[in-house]
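Report on the following structure.
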Amino acid sequence: MTNPQRALEIENLYAGYDAFDVLNGMSLHVGASERVGLFGPNGHGKTTLLNAVSKLIRPRSGSVRFMGENLEQRSPQDIVAMGLVHVSQANRLFPDMEIMETLELAAYTPRARKQRKANLEHVLDLFPRLAERRRQEAKTLSGGERQMLSIGVGLMCAPRMLMLDEPTLGLSPKLKDELAAAIGKISAEGIPLLLIEQDIAFVLSLVDRMYLIDHGEITREVERGGAVDHEEIMDMYFGGHASS
Amino acid sequence: MTMDMVSAILVSGLVLGSVYALMASGLSLVWTTLGIFNFAHGSLMALGAYFAWTMSDAAGLNLWLGAGVAVAVAGMVGVGILIERTVIRPFYDDKDILLITVMTTLAVMIFLEKGIQLLWGARLKQLEPLAPGRVNLLGTTISAQETLIVVLAPLLLGGLWVFLRYSNIGRGIRAVGQNPAAAKLIGVDVSKLFILTFALSAALAGLTGILLGSVRFITPTFGAEPLVKALIIVIFGGLGSLSGTIAAAYIIGVVEAVLIFFVGIYWAPSMLFALLIAVLMLRPQGLFGKSVR
Ligand SMILES: Nc1ncnc2c1ncn2[C@@H]1O[C@H](COP(=O)(O)OP(=O)(O)OP(=O)(O)O)[C@@H](O)[C@H]1O
Ligand SMILES: [Mg+2]
Chain W
535 MTNPQRALEI ENLYAGYDAF DVLNGMSLHV GASERVGLFG PNGHGKTTLL
585 NAVSKLIRPR SGSVRFMGEN LEQRSPQDIV AMGLVHVSQA NRLFPDMEIM
635 ETLELAAYTP RARKQRKANL EHVLDLFPRL AERRRQEAKT LSGGERQMLS
685 IGVGLMCAPR MLMLDEPTLG LSPKLKDELA AAIGKISAEG IPLLLIEQDI
735 AFVLSLVDRM YLIDHGEITR EVERGGAVDH EEIMDMYFGG HASS
Chain R
751 MTMDMVSAIL VSGLVLGSVY ALMASGLSLV WTTLGIFNFA HGSLMALGAY
801 FAWTMSDAAG LNLWLGAGVA VAVAGMVGVG ILIERTVIRP FYDDKDILLI
851 TVMTTLAVMI FLEKGIQLLW GARLKQLEPL APGRVNLLGT TISAQETLIV
901 VLAPLLLGGL WVFLRYSNIG RGIRAVGQNP AAAKLIGVDV SKLFILTFAL
951 SAALAGLTGI LLGSVRFITP TFGAEPLVKA LIIVIFGGLG SLSGTIAAAY
1001 IIGVVEAVLI FFVGIYWAPS MLFALLIAVL MLRPQGLFGK SVR
């Protein structure tokens, strides 16, 4: 069953909150140095999927493997220590902490601590704006700066794979391009990537392959350069009204 | 008013402020990190004093200075861990954790007070001072033990501040308090730091009891009054701000000393409360607090 060529392998995953499931048997995989997109309407379970993988919530059934290892018995901190890093949606991080303090703290696991210096240089290189504002508290950062810090925090965790949840949410086109360039640089280093985004053109510019998610299930897979059926996507969003 | 009076008031305010700061900082730390108020904090203070009393009794006066205090503080860490495990941990995922733990920690308080009474009896006890003799401070003569409290409190609190600000674990504790989910996502073991924080706070309470136990008489309810003051100080200083808590502790200590001097010991507490209420009406977020947690 396990495939060493795969960084992440999710099979038949069910997960949700309290009484109801949001994920209804989700299956997908990300190759060893692959960049994969995840696209779907609001509220269809993209964030829930990442929460279930990083164990912020406990999956009801199904399996998640990272680098061939089953994560069922693993705690969130184990998973970070293994190198599977989740950069969560609209993370407000630690409001009263300064940028530098936050980045230093993020190298928390023993493995990350060993790489702290190199990774810090890397992050400040990637986001010079964070270097300029090193003493500023997270709560006073702009939306774009906070997203940069959020990704920077992910990189400080010494990721072997990154899962990014809408890193450009609510940003201006210019900032979006800036972040896209940074994400491109990160994945060019060979770190496998699972990227959630609402802008389909944006996702396709950054990934090798993309999944469409609908009501907690994968409904389609699109290869890079493959044709995207806009009608189908409109259908997903507007429940058939647009296509008729 | 003569200079003597001023310095006498100031010195007694400093002593009170130091005791309050030691008590309130533990309470404040638990509030910012675990999001609960620990009403057993006062009885933990008493327990620390009783532990030290038993140690000094058993080991003799020469030994207890180092070993006795260490053993008593270690005991408090153990008790802190036990309390966190039994009456706080089961409710972390409950949205009513704040109210539930008001009840469970009040229950622990009663349990400890009655337990102490059973084990050690209700008779007043007093510890031998860690520092014997009398000392001249700012022109006022006070016991060396009180001087020790005044000197030790800023050292301990400064150490706590450095720990929280610069050490990995201390930063982790602050991160957990500010955003537990984000802390988990960088690999912080949230429940481990909860225990650690609670144990640290219990140790601080116990240490306060040990220090104060040779200045005042130890009784099973010896921590009740400092607890009430510490609770007020945490709110008055601004919930969620450790430095605000510490500053408020010293301010309230000195104000209380002034009130005691002018209106006497009977009216001072109610005047103090009236003053606090007035301040909180003007600044509901507390003296140094931000408007939201
Ligand atoms: N903590 C929670 N408790 C209960 N229900 C939740 C919780 N978080 C999300 N949900 C619900 O689960 C469903 C899926 O939410 P999820 O956040 O996974 O969507 P999403 O695809 O990430 O949407 P978006 O694109 O808006 O971020 C939604 O109906 C949402 O209301
Ligand atoms: Mg989402």
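From first to last, the protein sequence lines are chains W and R. Heads up, the first sequence is in the numbering used here, so the first residue is 535 and it goes up one at a time. Heads up, the second sequence is in the numbering used here, so the first residue is 751 and it goes up one at a time. The beta-carbon is built from N, C-alpha and C at its ideal position, and this holds for glycine as well. For clarity, every value in this text was computed on a predicted model and none was experimentally measured.
Exercise for review: For the beta strand (DSSP E) holding M601 (chain W), just list the boundary residues, first then last.
Suggested key: Counted from its first residue, the first sequence places residue 601 (chain W) at position 67. Counting along the chain, M601 (chain W) falls outside any beta strand (DSSP E), and DSSP gives it neither H nor E.
Check your understanding: CB-CB under 7 angstroms to P593 (chain W), same chain, minus the five flanking residues each way: which ones, in chain order?
Key -> As a working mapping, residue 593 (chain W) is identified with position 59 in the first sequence. The answer, listed in chain order, is L547, Y548, A549, A586.
Check your understanding: Near V737 (chain W), what residues of its chain come up, given a Cβ to Cβ distance below 7 angstroms and the 5 sequence neighbours on each side ignored?
Key -> For the purposes of this step, residue 737 (chain W) is taken as residue 203 along the first sequence, with counting starting at 1. Around V737 (chain W): G571, F573, L729, E731, M744.
Practice item. Note down the Cα distance separating L862 (chain R) from L777 (chain R), rounded to an integer number of angstroms. Key: What you label residue 862 (chain R) is simply residue 112 of the second sequence in a count that begins at 1. What you label residue 777 (chain R) is simply residue 27 of the second sequence in a count that begins at 1. Each residue's alpha carbon lies about 17 angstroms from the other.
Point to revise | Given R660 (chain W) as reference, the closest of W:L562, W:I720, W:V598, W:H563 once Cα atoms are compared | key: Counting from one through the first sequence, the residue named residue 660 (chain W) turns up at place 126. The sequence given here has Leu at residue 660 (chain W), not Arg. The candidate whose alpha carbon is nearest that of L660 (chain W) is W:I720.
Check your understanding: Does ligand 2 have even one heavy atom less than 7 angstroms from the beta-carbon of D699 (chain W)?
Key -> Looking up residue 699 (chain W) in the first sequence gives position 165. True, at least one ligand heavy atom lies under 7 angstroms from that Cβ.
Point to revise | Residues near E896 (chain R) in its chain [Cβ-Cβ closer than 7 angstroms; skip 5 each side] | key: Within the second sequence, the letter at position 146 stands for residue 896 (chain R). V765, V965, listed in sequence order.
Review point. From the DSSP output, which residues share a beta bridge with R743 (chain W)?
Key: Along the first sequence, read from residue 1 onward, the residue named residue 743 (chain W) stands at position 209. Partner(s): W:V570, W:E757.
Practice item. Say yes only if the C-beta of N576 (chain W) is nearer than 7 angstroms to one or more non-hydrogen atoms of ligand 1, and no if none qualify. Key: In the first sequence, counting from the first residue as 1, residue 576 (chain W) sits at position 42. Indeed, a heavy atom of ligand 1 lies less than 7 angstroms from the Cβ.
Review point. Helix, strand or coil: how does DSSP classify A758 (chain R) here?
Key: In the second sequence, residue 758 (chain R) corresponds to position 8, counting from 1. Note: A758 (chain R) maps to helix in three-state DSSP.
Review point. Cβ of T581 (chain W) within 7 angstroms of any heavy atom in ligand 2?
Key: Stepping through the first sequence from its first residue, residue 581 (chain W) is reached at position 47. Correct: T581 (chain W) has its Cβ closer than 7 angstroms to ligand 2.
Review point. Is it the case that the CB of Q670 (chain W) approaches a heavy atom of ligand 2 more closely than 7 angstroms?
Key: Translated into positions along the first sequence, residue 670 (chain W) becomes position 136. Not so, every heavy atom of ligand 2 lies at least 7 angstroms from the Cβ.
Practice item. Examine chain R for any beta-carbon lying closer than 8 angstroms to the beta-carbon of R694 (chain W), and answer yes or no. Key: Position 160 of the first sequence, counting from 1, holds the residue named residue 694 (chain W). Chain R, which has no Cβ nearer than 8 angstroms to the Cβ of R694 (chain W), makes this no.
Check your understanding: Excluding five sequence neighbours on each side, which residues of the same chain lie with their C-beta closer than 6 angstroms to the C-beta of I961 (chain R)?
Key -> Sequence index remark: in the second sequence, residue 961 (chain R) carries index 211 (1-based). The identity of residue 961 (chain R) in the sequence shown is Leu, whereas the question assumes Ile. Contacts found: I899.
Practice item. Using the DSSP secondary-structure output, state which residues sit across from K875 (chain R) in a beta bridge. Key: Indexing the second sequence from 1 puts residue 875 (chain R) at position 125. DSSP lists R:I968 as partners of K875 (chain R).
**Study point:** Contact test: Y551 (chain W) Cβ vs ligand 4 heavy atom, cutoff 7 angstroms
**Key:** This structure does not include ligand 4; its bound ligands are ligand 1 and ligand 2.
Check your understanding: Thinking just about the alpha-carbon of each residue, which of W:L584, W:A692, W:L637, W:G677 is nearest to the one in S706 (chain W)?
Key -> Here residue 706 (chain W) refers to the residue found at position 172 when the first sequence is read from its first residue. When only C-alpha atoms are compared, the closest one is W:G677.
Review point. If contact means a Cβ-Cβ distance below 7 angstroms, which residues of the segment 821-850 of chain R contact chain W?
Key: none
**Study point:** Segment limits, beta strand (DSSP E) that includes H563 (chain W)
**Key:** Within the first sequence, residue 563 (chain W) is the residue found at index 29, counting from 1. Element bounds for H563 (chain W): 554-565.
Point to revise | Residues, ordered as in the chain, of the segment 661-682 of chain W that lie near chain R by beta-carbon distance below 7 angstroms | key: none
Review point. Hey, out of R:G1003, R:I838, R:L943, R:A999, whose CA is closest to F789 (chain R)'s CA?
Key: Within the second sequence, the letter at position 39 stands for residue 789 (chain R). Relative to F789 (chain R), the option among R:G1003, R:I838, R:L943, R:A999 whose CA is nearest is R:I838.
Point to revise | Backbone secondary structure at G617 (chain W) - three-state DSSP | key: Walking along the first sequence from the start, residue 617 (chain W) turns up at place 83. Reduced to three states, the DSSP call for G617 (chain W) is coil.
Review point. For G1003 (chain R), which residues in chain W fall below 9 angstroms Cβ to Cβ?
Key: Position 253 of the second sequence, counted from the start, is the residue given in the question as residue 1003 (chain R). Those within 9 angstroms of G1003 (chain R) in chain W number zero; the least Cβ separation is about 26 angstroms.
Check your understanding: What residue does the beta strand (DSSP E) around L887 (chain R) start on, and which one ends it?
Key -> The residue you call residue 887 (chain R) lines up with position 137 of the second sequence. From DSSP, the beta strand (DSSP E) with L887 (chain R) extends over 884-887.
Point to revise | Any C-beta of chain R under 8 angstroms from that of V556 (chain W) | key: Start at 1 with the first residue of the first sequence, and residue 556 (chain W) comes out as number 22. It does not: the Cβ of V556 (chain W) has no partner Cβ on chain R nearer than 8 angstroms.
**Study point:** Contact belief for G763 (chain R) with A1007 (chain R) at Cβ below 8 angstroms, rounded distance in angstroms
**Key:** Residue mapping note: residue 763 (chain R) aligns to position 13 of the second sequence, counting from 1. Residue mapping note: residue 1007 (chain R) aligns to position 257 of the second sequence, counting from 1. Going by Cβ atoms, the distance from G763 (chain R) to A1007 (chain R) rounds to 3 angstroms, so yes, they are a contact pair.
Exercise for review: Can you give me the Cβ contacts of S595 (chain W) inside the same chain, cut-off strictly under 6 angstroms, excluding the 5 residues immediately before and after it?
Suggested key: Along the first sequence, read from residue 1 onward, the residue named residue 595 (chain W) stands at position 61. Only Y548 meet the Cβ criterion.
Point to revise | Straight-line gap, L740 (chain W) to K710 (chain W) (C-alpha atoms, nearest Å) | key: Taking the first sequence and counting its residues from 1, the one referred to as residue 740 (chain W) is at position 206. Taking the first sequence and counting its residues from 1, the one referred to as residue 710 (chain W) is at position 176. Straight-line Cα distance between these residues: approximately 12 angstroms.
**Study point:** Short Cβ contact (8 angstroms threshold) for G617 (chain W) with M695 (chain W)
**Key:** Here the question's residue 617 (chain W) lines up with position 83 in the first sequence. Here the question's residue 695 (chain W) lines up with position 161 in the first sequence. The answer is yes: Cβ separation under 8 angstroms.
Review point. Are the beta-carbon atoms of N558 (chain W) and E751 (chain W) separated by less than 8 angstroms?
Key: As a first step, residue 558 (chain W) is located in the first sequence; it is residue number 24 there, counting from the start. As a first step, residue 751 (chain W) is located in the first sequence; it is residue number 217 there, counting from the start. Against a cut-off of 8 angstroms, the Cβ pair of E751 (chain W) and N558 (chain W) comes out as a contact.
Review point. Going along chain W in order, which residues have a C-beta closer than 7 angstroms to the C-beta of T939 (chain R)?
Key: Translated into the one-based positions of the second sequence, residue 939 (chain R) becomes position 189. Here residue 939 (chain R) is Asp; the residue named in the question, Thr, does not match the sequence. Within 7 angstroms Cβ-Cβ: Q611.
Review point. When the cut-off is 8 angstroms and only beta carbons count, does N886 (chain R) lie next to chain W?
Key: Taking the first residue of the second sequence as position 1, residue 886 (chain R) is located at position 136. Answer no: the Cβ-Cβ gap between N886 (chain R) and chain W never drops below 8 angstroms.
Point to revise | Reference V769 (chain R), options R:V885, R:A824, R:G963, R:F1038, closest by Cα | key: Taking the second sequence and counting its residues from 1, the one referred to as residue 769 (chain R) is at position 19. Measuring from the Cα of V769 (chain R), the nearest candidate turns out to be R:G963.
Point to revise | Within 8 angstroms, strictly: CB atoms of S567 (chain W) and L935 (chain R) | key: Indexing the first sequence from 1 puts residue 567 (chain W) at position 33. Indexing the second sequence from 1 puts residue 935 (chain R) at position 185. No. Outside cutoff.
Check your understanding: Within the 8 angstroms Cβ cut-off, does L572 (chain W) reach chain R?
Key -> On the first sequence, residue 572 (chain W) is found 38 positions in, with the first residue counted as 1. Taking Cβ atoms only, chain R never reaches closer than 8 angstroms to L572 (chain W), which makes this a no.
Review point. Whose C-alpha, out of R:V756, R:D754, R:P970, R:A820, is nearest the C-alpha of L880 (chain R)?
Key: As a working mapping, residue 880 (chain R) is identified with position 130 in the second sequence. Out of R:V756, R:D754, R:P970, R:A820, R:A820 has the C-alpha closest to the C-alpha of L880 (chain R).
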